[in-house]
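*Asks:*
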Amino acid sequence: MKNQIYLRRKNKLIVKAGQHELPVSYLAAALRNMESLGYTFSLELIERIRTLSEAEFFPLYSEVVRVLKDMVGASRRFKPFYPNFPRQVMEASDGELYLQAIIHYLTWQLPVHEVKKRLPLLKESRLKVIQLGTDEELLQIGMNMLRANSSLSAQDKEDLKGLIHGCKGIAEALPPEIPHKENAAVVASVLLRADKMPPDFFAKYCKTSTDVLRLATALSDGDVSLAAPAKFRKFRRAERRLLLRLLEASPNLAEDMQRYKNRWIRLGEILHPFEYKDRYPRAAEAFDILRNNRRIETFNSQVELAILACDIKEATRLLMQRPGEFARRLDHMLRLTEAGDQVLRSFEQIATSVSTPVLLQVMNHFDKRERYGEWRTFFPKGEVAKVQAIPNMLPQLADEQRARAAGICREVLIQRFSALPALGKVYIDPQLHEQLVPFSQRSASKALRTIARGSRLPIPEGSTIRFFTWWKEGIVNDVPTGRVDIDLSAVLYDEKWTYMEHVSYTNLRSEKYRACHSGDVVQAPNGACEFIDVDIESVLRYGGRYVVMSLNSFTSQPYCDLPECFAGWMIRSQPESGEVFEPLTVQDKADIAARSTICLPVILDLAERKVIWTDIALRSHPRFVNNVEANGGGIEWMGRALTTLVKPTLHELFTLHAQARGTITDRMEEADTVFSMEEGITPFDMEVILADFLAG
């Protein structure tokens, strides 16, 4: 388990030195097989592996290959509708394509075609090197996730659970602070179930009624972000007493519980607080207030009343009691009054109490407020990755106020970062201007590479993009899925996001753009796959720029209710060479498991030769069927929003750190600390960024 996590997250393995000499032929054969998956061992790792016996080597090799195949998608058998794709689709007549599709829709059987011999895959040099790792670094990965000042993805949480169980030291040496409440709830649920709970845990990490609600939700395997209601399980008597004891010690109990009133009422039906009213009277009183709709004045209602009365002085006084709320409302407060200087002076007094992620986002907002353009884009909280884009109707704000608000945030951040260890000479890769800060990863899919949504990565050398998807129907939680039909589509737009054409099951090929689909498969009892090829140069020649990859559940099952579904893309120099699915050419692969029927994994900007990581779910409101045509408007809207994001970048974050605790240099070779795409701290080192650079 430990090496599986280490390999997936860091491309590293822990291998203890042996007392033997492994035959060279075994190691050479293993390396050749791994090269077909796009990986190889470092020299240091090779030397360590050579000390193993055959009995030690083969289980390690089997585990590594199994994990690598799962990472790139090679663990599944790919049998496309047209096995000689793409030539077979491009050369077939319209009548033949139509007839084959009709026969398949009537019989659900794949047609039988002679599989022609393909040219060998042109040798690629893009091998990823697996390094020799250490127990200490693996332990630090777990500790960094605990210290992360942002939500973790579902895969992060699973990895954290695995490390807590598998790495001696994590549960016994929790950090002084778990800054993110959601992560604290996840850790608490793991430790309680493993009977490893430190005696002072809740005194440190569980201090409000909302913290208690998150703990109950985590124990029920629900959404700890509280964006969606949880179905609470029946708690044991000891667990009920624990939750009520924590509630009893929480401040502002009845007011805080009002935020999630209906959920508390449902949880109260399970906790039975009135059985313990003598022991926990405050908790029982709070539940009585909720159940009987007894009116109480909340903090937010006081703020809203002050604003309605145009009493900005009183609203400011109240907001100073809750610095984070003040920071989020600062723009609104400045627009409500002509006494903006006084509001800013009040904010300056409490800015040091605002968290680093909030300060960074507020600074970015005021710095770039005039750059929003037509739309403002938000990523709502929750376990489903969705995007909201609203018209930008912000009124003008005086330049001096914008500059002062951003300046206050910047000064506090630099002061805060200056207390951290020195970085020495710092090199910051200019490419990090295109990498966004990962403020929230709770809805991120398990992927071969994980970066913040809206970030851009270069498309490697090659002429053809090949999208792919694989899915399977079956039984999930003892419920049969029935027939499952997932449709892979690619939608082409010009630089102004004007629709040009799409390639899907309704339009298998576009001779103009040299793009084609491998054929529509409509059921998957043993797994099914679809592919789309897009020739980059042909799209650019006819004025195209953006290509949106879209997955639609035609049979309307949410992806979370499928046994398995994943998708990704490859870069191919000669699309006719090699197999249709070649692991070596896979650039990105993500598991699709959202509670949604439409997913947009990536957008390609062919003019800039960049892939924009989106990983979002799209709301489905088709009139008749769920396909790319019925959802075209939403796809275009999301494309516009995601390619015009105005968010903090890693370059800006690392520059603040360098200004606070180092000296910036433009020469990587002389730097003590490197931030870049491939060396030093990279955008893929999520847990390091969240723990060490968004701290406070």
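Just so we're on the same page, this note's numbering is the position in the sequence shown counted from 1, plus 107. The beta carbon of each residue, even a glycine, is placed where N, CA and C say it ideally should be.
1) Determine contact between the region 660-669 and the region 205-214, defined as no fewer than three beta-carbon pairs at a distance below 8 Å.
2) Is the beta carbon of Q503 sitting closer than 8 Å to the one on G447?
3) I'd like to know whether the C-beta atoms of V591 and L707 end up nearer to each other than 8 Å.
4) The beta strand (DSSP E) spanning W578 covers which residue range?
5) Pull up the distance between the alpha-carbon of G741 and that of S552, whole angstroms please.
6) Cα separation between L797 and P545?
7) Report back the beta-carbon spacing between V718 and I566 to the nearest angstrom; my notes put them in contact at under 8 Å.
8) Indicate the three-state DSSP secondary structure (helix, strand or coil) for H379 in the structure shown.
9) Consult DSSP for D474 and reduce its assignment to one of helix, strand or coil.
10) Going by CA-CA distance only, name the one from R442, E518, M607 and R424 that's closest to L466.
11) Closest to L760 by CA distance: which of H624, F688 and L520 is it?
12) Pairing CB atoms from the region 691-701 with CB atoms from the region 674-681, are three or more of them under 8 Å?
13) So, do the region 140-158 and the region 221-240 have three or more beta carbon pairs nearer to each other than 8 Å?
14) Hey, how far is the Cα of P729 from the Cα of A701?
15) Please report the distance separating the alpha-carbon of A422 from that of Q409.
16) Taking the straight line between their C-alpha atoms, what separation do you get for N140 and S169?
17) Compute the Euclidean distance between the alpha carbons of N407 and D594, then round it to the nearest angstrom.
18) Specify, as a first and last residue, the run of the alpha helix (DSSP H) that M250 falls within.
19) Where does the unbroken alpha helix (DSSP H) through R297 begin, and where does it stop?
20) Using DSSP with H/G/I as helix, E/B as strand and the rest coil, what is H609?
21) For L270, which of C636, M252 and L725 has the nearest alpha-carbon?
22) Just grab the DSSP bridge partners of C706 for me.
23) May I have the straight-line CA-CA distance separating I285 from H764, to the nearest angstrom?
24) Mind checking C623: buried by the 16 CB within 10 Å criterion, or exposed?
25) Which residue spans inside the region 490-550 form an unbroken alpha helix (DSSP H) run of at least 4?
26) Less than 8 Å between the C-beta atoms of V331 and R347, yes or no?
27) Could you check if L114 is buried or exposed, using at least 16 other CB atoms within 10 Å of its CB as the buried criterion?
28) Name the residue from A631, R768 and S296 whose alpha carbon lies nearest to the alpha carbon of T576.
29) Between which two residues does the beta strand (DSSP E) harbouring L671 extend?
30) Quick check on D773: buried or exposed, where buried means 16 or more other Cβ atoms within 10 Å of its Cβ?
31) Identify whether T484 lies in helix, strand or coil by the three-state DSSP scheme.
32) Could you tell me the distance, in whole angstroms, from the CA atom of E477 to the CA atom of L527?
33) Starting from the C-beta of D363, find all residues in its chain whose C-beta is less than 8 Å away, skip the five residues before and the five after it, and write them out in chain order.
34) For D242 and L298, I'd like the C-alpha separation in whole angstroms.
35) Could you name the residues of the same chain whose beta carbon sits closer than 7 Å to that of W215, not counting the 5 residues immediately before and after it, in chain order?
36) Can you look up T762 in the DSSP assignment and give me helix, strand or coil?
*Replies:* So, to answer that:
1) no
2) no
3) no
4) T571 to K579
5) 21 Å
6) 8 Å
7) 6 Å
8) coil
9) helix
10) E518
11) L520
12) yes
13) yes
14) In this prediction, P729 has a pLDDT of 42, which is less than 50 and means its spatial position is unreliable; what the coordinates show is noted afterwards. If you take the alpha carbons of P729 and A701, they lie about 18 Å apart.
15) 8 Å
16) 11 Å
17) 46 Å
18) D242 to R254
19) Note that residue 297 corresponds to Val in the displayed sequence, not to Arg. First-last of the alpha helix (DSSP H) with V297: K288 to R300.
20) strand
21) M252
22) L658 and A724
23) 21 Å
24) buried
25) 506-525
26) no
27) buried
28) A631
29) With the sequence shown as reference, residue 671 is identified as Glu, and Leu is not the correct amino acid for it. Note, E671: beta strand (DSSP E), E671 to R679.
30) exposed
31) strand
32) 33 Å
33) T315, S316, T317 and S357
34) 21 Å
35) V629 and Q630
36) helix
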